[in-house]
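Chemist: Pasting in a structure now, in structure tokens, and then I'll have a few things to ask.
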Amino acid sequence: MTFLDFLLSIWSAIWPGRVVRTGQQGVVFRRGVAEETPRGPGLVWIIPNFWQFEARPVTLSWIDLPPQSITTADGKVIALSANVGYEVRDLVRALTLTNDYETTMARLATGHLHGRVSAWTLQEMMAQRRELEASVLNTLRNRAAEWGLAVQDVRLTDCTPTKVYRLFNEEN
Numbered sequence: 282m283t284f285l286d287f288l289l290s291i292w293s294a295i296w297p298g299r300v301v302r303t304g305q306q307g308v309v310f311r312r313g314v315a316e317e318t319p320r321g322p323g324l325v326w327i328i329p330n331f332w333q334f335e336a337r338p339v340t341l342s343w344i345d346l347p348p349q350s351i352t353t354a355d356g357k358v359i360a361l362s363a364n365v366g367y368e369v370r371d372l373v374r375a376l377t378l379t380n381d382y383e384t385t386m387a388r389l390a391t392g393h394l395h396g397r398v399s400a401w402t403l404q405e406m407m408a409q410r411r412e413l414e415a416s417v418l419n420t421l422r423n424r425a426a427e428w429g430l431a432v433q434d435v436r437l438t439d440c441t442p443t444k445v446y447r448l449f450n451e452e453n
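Okay, structure coming up:
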């Protein structure tokens, strides 16, 4: 770090202006309490070290759900992954009603996928992929709306039967 970088870091810590870019919303926290209305693009004034400020994108974003192995009702194992597209409509609610809205949505979606797929046979699962996407989309839309989020799309990106070798190399 050069001396100039050091001076710039001090300046940015004491400068009371924060910028919200186009495609973002910002939230000011005063004494730990969020203001009721998110801030749109422009300059936001805060009292450094007393008020906190957070800006996040509110445009369409995608979450890659972690791949998961699910055992179907007929004992077959499939590898499943998906993507979720969403927009932030109210950043105040998104930041204050969830700890981490992306992780919360991902866990809700993977839990829903697991519950639905494990109740179907492999043949039913492969035949009803679009119904599964619609089911996850509906669940996420209903729950995420409470958190100030709008889920736009859910797409299965991988749905592959796998071979699982159990203890002592017994093939499933």
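Mapped onto our numbering, the consecutive letters of the sequence shown carry residue numbers 282 to 453.
C-beta atoms are modelled at their ideal positions from N, C-alpha and C, and glycine is treated no differently.
Computed from a predicted structure; not experimentally measured.
#1: Can you give the Cα-Cα distance for E335 and A375, rounded to whole angstroms?
#2: Can you tell me which of the three DSSP states G392 falls into?
#3: Distance, Cα to Cα, G366 vs A400?
#4: Going straight from the alpha carbon of W326 to that of V369, what length do you get?
#5: Looking at L437: is its Cβ nearer than 8 angstroms to the Cβ of L413?
#6: For the 8 angstroms Cβ check, are there 3 or more pairs between the stretch 342-362 and the stretch 306-325?
#7: How about Y382 and L346: are their beta carbons less than 8 angstroms apart?
#8: Please return the same chain residues whose Cβ sits closer than 8 angstroms to the Cβ of L403, not counting the five positions on each side in sequence.
#9: Quick one: what does DSSP say N330 is sitting in, helix, strand or coil?
#10: Less than 8 angstroms between C-beta atoms, sequence neighbours within five positions excluded: which residues of the same chain meet that for L341?
#11: Please go through the same chain and pick out, in chain order, the residues whose beta-carbon is closer than 8 angstroms to the beta-carbon of R302, but skip the five residues on each side of it.
#12: For N364, which option in F284, I291, V435 and F331 has the closest C-alpha, if you only look at C-alpha atoms?
#13: Looking at the structure shown, is S399 part of a helix, part of a strand, or coil, going by DSSP?
#14: May I have the straight-line CA-CA distance separating D286 from R299, to the nearest angstrom?
#15: Counting only runs that start and end within the stretch 355-389, where is the beta strand (DSSP E) found for 3 or more residues in a row?
Modeler: Taking the definition as stated:
#1: Roughly 12 angstroms separates the two Cα atoms.
#2: The three-state reading of DSSP puts G392 in helix, counting H, G and I together.
#3: Each residue's alpha carbon lies about 26 angstroms from the other.
#4: For the pair W326 and V369, the Cα-to-Cα distance works out to about 23 angstroms.
#5: For L437 and L413, yes; Cβs fall inside 8 angstroms.
#6: These segments do not touch.
#7: No. Outside cutoff.
#8: In its chain, beyond the 5 residues on either side, T353, D355, K357, I359 and P442 have a beta carbon closer than 8 angstroms to the beta carbon of L403.
#9: Correct three-state label for N330: coil.
#10: The residues are G366, Y367, E368 and Q433.
#11: Closer than 8 angstroms at the Cβ level, and outside the excluded window around R302, lie P322 and A336.
#12: Comparing alpha-carbon positions, the option among F284, I291, V435 and F331 lying closest to N364 turns out to be V435.
#13: Correct three-state label for S399: coil.
#14: Between D286 and R299, the C-alpha separation is close to 19 angstroms.
#15: DSSP runs (the beta strand (DSSP E)) wholly in the stretch 355-389: 358-369.
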